[in-house]
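Enquirer: Dropping a structure here in structure tokens format, bear with me for questions.
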Amino acid sequence: MLPAFIEIVYILILLVGILMVMKTPRMSTAYRFIWFFIVLSLNLLGLIVFLIWNRFFKLKQ
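Residue numbers (this note's numbering): 34 to 94.
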């Protein structure tokens, strides 16, 4: 139950981060897409680490 809740919260944080980057009025389009990909790649990296960590502790139990 808890890992599913953490994944849902993580996806919501991802969507809020992308929305904040895309709605910033002071950035040019190129910088918006650069920040969009930075936020996306960091969130995907965090998700991969979370899944590896979750699998490692499931194997130990």
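A virtual CB, placed ideally from N, CA and C, is assigned to each residue, including glycine.
Since the structure is predicted, the reported quantities are computational estimates derived from the model, not experimental observations.
Express the C-alpha separation of Trp-86 and Leu-77 in angstroms, rounding to a whole number.
Expert: For Leu-77 and Trp-86, the distance between alpha carbons rounds to 14 Å.
Enquirer: Of the residues Tyr-64, Ala-63, Phe-38 and Phe-69, which one's Cα is nearest the Cα of Val-49?
Expert: Comparing Cα positions, the closest option is Phe-69.
Enquirer: Closest to Tyr-43 by C-alpha separation, out of Phe-89, Tyr-64, Ala-63 and Leu-84, would be which residue?
Expert: When only C-alpha atoms are compared, the closest one is Leu-84.
Enquirer: Give the straight-line distance between the Cα atoms of Ile-51 and Val-72, rounded to the nearest whole angstrom.
Expert: Spanning the two alpha carbons is a distance of roughly 7 Å.
Enquirer: Compute the distance between the beta-carbons of Arg-65 and Met-55, then report whether it is under 8 Å.
Expert: Contact: yes.
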